[in-house]
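Asks: Can you read through this structure? Questions will come right after.
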Amino acid sequence: MGWLYGFRVPHGMLPKQELSPDGPANTSIIFELLEETLDVPGDVAECGIFRGETLLPIILFLRQRESHKLVLGFDSFLGFDESVIVDRELGGACDVSKKIGGFGDTSRALVANRLHKWQLNPNVKLVSGFYSKTLDNWADHRFSFVHLDCDLYASYRDCLNFFYVRLSNGGIILLDEYNDPPWPGCNKAVDEFLAENSVSLECFESQNYQKWFIRRCDDNSSDLEL
Ligand SMILES: C[S@@+](CC[C@H](N)C(=O)[O-])C[C@H]1O[C@@H](n2cnc3c(N)ncnc32)[C@H](O)[C@@H]1O
Numbered sequence: 000m001g002w003l004y005g006f007r008v009p010h011g012m013l014p015k016q017e018l019s020p021d022g023p024a025n026t027s028i029i030f031e032l033l034e035e036t037l038d039v040p041g042d043v044a045e046c047g048i049f050r051g052e053t054l055l056p057i058i059l060f061l062r063q064r065e066s067h068k069l070v071l072g073f074d075s076f077l078g079f080d081e082s083v084i085v086d087r088e089l090g091g092a093c094d095v096s097k098k099i100g101g102f103g104d105t106s107r108a109l110v111a112n113r114l115h116k117w118q119l120n121p122n123v124k125l126v127s128g129f130y131s132k133t134l135d136n137w138a139d140h141r142f143s144f145v146h147l148d149c150d151l152y153a154s155y156r157d158c159l160n161f162f163y164v165r166l167s168n169g170g171i172i173l174l175d176e177y178n179d180p181p182w183p184g185c186n187k188a189v190d191e192f193l194a195e196n197s198v199s200l201e202c203f204e205s206q207n208y209q210k211w212f213i214r215r216c217d218d219n220s221s222d223l224e225l
C-alpha cells in the first residue's frame with residue numbers, strides 16, 4: 000500500500016544487512032520518536048518534504064494516536080537552491096540529486112493533493128519557499144518534534160538555529176543525514192551547532208538503521224511562550 004501510494008510505512012522498509020547511518024529516512028524511528036514526544040507541548044514540523052513520503056506517515060501516525068498537533072511541512076518545492084554548491088565542494092559520496100534543482104520533481108500542489116486524497120488536510124500546513132525566507136514567519140510557534148531531512152549545510156544550519164530555541168522541554172529534532180555519506184554538510188552544520196550550544200547527540204537504532212537526534216532537556220526551554 001505504501002509503495003503504491005508513494006509513502007513509507009514501517010513494514011515497507013527492509014532491514015539493512017549491517018548497522019549503518021546511510022540511506023533514506025526510516026519510518027519506524029520517526030514513529031518511535033514521535034511517540035516519545037506526544038505529550039510534549041508544541042507543533043510537529045518537517046523540513047524536507049519532497050513528495051511527502053515521510054510527511055504523510057507522520058500525519059497518519061498522529062491521527063492514529065488521536066493527536067491534534069499542528070503539522071508544518073517546509074519545502075521550496077523547487078528542490079535545492081545554489082547553496083548546494085557549498086555541499087558539492089564539501090565532497091562526500093556521489094548523489095544524482097546534489098545539484099541546483101535536485102529534488103525539484105515535485106510541487107506544493109502534488110503534496111496537497113495527496114493530503115486531500117487521504118483527508119489529511121486538517122491540522123497540516125504546507126509552507127512553500129526557501130527556509131531563509133519562510134521560517135521566520137513561524138517564529139511565535141513552539142515545537143515538540145522536528146524532522147530535518149533537508150540534506151544541505153545551509154539548510155541544516157538555518158533549521159537548527161530556528162528550531163532548537165523553539166523546542167519545548169523534552170522536544171526532539173531528528174537529523175536524517177547525520178553521518179550519511181553523500182551529505183557531509185549535515186555533519187558540518189550539526190557539529191558547529193553542538194559546539195556553539197553545548198548540546199549533545201543521541202543515536203537511535205532500528206532495523207539496522209542508525210539515526211541521530213537532539214533532545215532538548217533544560218529549563219531554558221520555557222523562554223518562549225506558546
Ligand atoms: C531528501 S528530500 C526530502 C525527502 C522526504 N522527506 C522523503 O522522505 O521523501 C530533501 C528536500 O529538502 C528540500 N530543501 C532542502 N533545502 C531547502 C531549503 N533551504 N529550503 C527549502 N527546501 C529545502 C528540497 O527541496 C527537498 O525536497
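The opening position of the sequence shown corresponds to residue 0 in numbering that gives the first Met the number 0, with each subsequent residue numbered one higher.
Cβ coordinates follow ideal geometry from the N, Cα and C atoms, glycine included.
Put Cys-227 into one of helix, strand or coil per three-state DSSP.
Replies: It is not possible to answer for residue 227, since the shown part of the chain is limited to 0 through 225.
Asks: Just how far apart, CA to CA, sit Leu-225 and Ala-44?
Replies: Annotation note: pLDDT 44 at Leu-225 (below 50); position unreliable, no value reported.
Asks: On the DSSP bridge assignment, give the partners of Gln-209 in chain order.
Replies: Looking at the DSSP assignment, Gln-209 forms a beta bridge with Glu-204.
Asks: For the alpha helix (DSSP H) holding Val-31, just list the boundary residues, first then last.
Replies: According to the sequence as given, residue 31 is Glu; it is not Val. Note, Glu-31: alpha helix (DSSP H), 26-35.
Asks: Flag Cys-46 as yes when its Cβ comes closer than 8 Å to any non-hydrogen atom of ligand 1, and as no otherwise.
Replies: Because some heavy atom of ligand 1 lies under 8 Å away, the Cβ of Cys-46 counts as near it: yes.
Asks: From Asn-168 to Arg-50, what does the alpha carbon distance come to, in whole angstroms?
Replies: Answer to the nearest angstrom: the Cα atoms are 31 Å apart.
Asks: Go ahead and pull the three-state DSSP assignment for Asn-160.
Replies: Three-state result, Asn-160: helix.
Asks: Could you give the residue range of the alpha helix (DSSP H) that holds Asp-86?
Replies: Unbroken alpha helix (DSSP H) run through Asp-86: 83-89.
Asks: Do the CB positions of Leu-173 and Phe-212 come within less than 9 Å of each other?
Replies: Result yes, Cβ atoms of Leu-173 and Phe-212 sit closer than 9 Å.
Asks: With DSSP as the reference, label Val-123 as helix, strand or coil.
Replies: Strand.
Asks: Could you give the C-beta distance for Tyr-155 and Ala-188, rounded to a whole number, given that I count them as a contact under 8 Å?
Replies: Contact holds; Cβ gap of about 4 Å.
Asks: Going by alpha carbons, who is nearest to Glu-31 out of Arg-64, Glu-52 and Asp-42?
Replies: For Glu-31, the nearest C-alpha among the options comes from Arg-64.
Asks: Would Cys-93 be called buried (16 or more neighbouring beta carbons within 10 Å of its own) or exposed?
Replies: Cys-93 should be labelled exposed.
Asks: Grouping DSSP H, G and I as helix and E and B as strand, with all else coil, what is Asn-112?
Replies: Helix at Asn-112.
Asks: In the DSSP assignment, what are the bridge partners of His-146?
Replies: His-146 pairs with Glu-45 and Leu-173.
Asks: For Ser-221, name the three-state secondary structure that DSSP assigns.
Replies: Residue placement at Ser-221 is poorly supported in this model, since its pLDDT is 47, which falls under 50; the coordinates still yield a value, given next. It is helical.
Asks: Which residue comes first and which comes last in the alpha helix (DSSP H) that contains Leu-59?
Replies: 54-63 is the span of the alpha helix (DSSP H), which, as asked, contains Leu-59.
Asks: Does the beta-carbon distance from Lys-15 to Tyr-208 come in below 9 Å?
Replies: A contact, by the Cβ cut-off of 9 Å.
Asks: Roughly how many whole angstroms lie between the Cα atoms of Asn-112 and Gly-184?
Replies: So the alpha carbons of these two residues sit roughly 32 Å apart.
Asks: Ignore the nearest five residues each way along the sequence and tell me which others in Glu-176's own chain have a CB closer than 7 Å to its CB.
Replies: Answer for Glu-176: Asp-150, Trp-182 and Cys-185, listed in chain order.
Asks: Under three-state DSSP, which class holds Asp-135?
Replies: Residue state, collapsed to three classes: helix.
Asks: Return yes when at least one heavy atom of ligand 1 lies under 8 Å from the C-beta of Gly-128, else no.
Replies: Yes, the beta carbon of Gly-128 sits closer than 8 Å to at least one heavy atom of ligand 1.
Asks: Any heavy atom of ligand 1 within a distance shorter than 8 Å of the CB on Arg-50?
Replies: Yes - ligand 1 has a heavy atom lying nearer than 8 Å to the Cβ of Arg-50.
Asks: Would you mind reading off the limits of the beta strand (DSSP E) that contains Asp-239?
Replies: The structure shown does not extend to residue 239, since the chain is modelled only from 0 through 225, so no value can be given for it.
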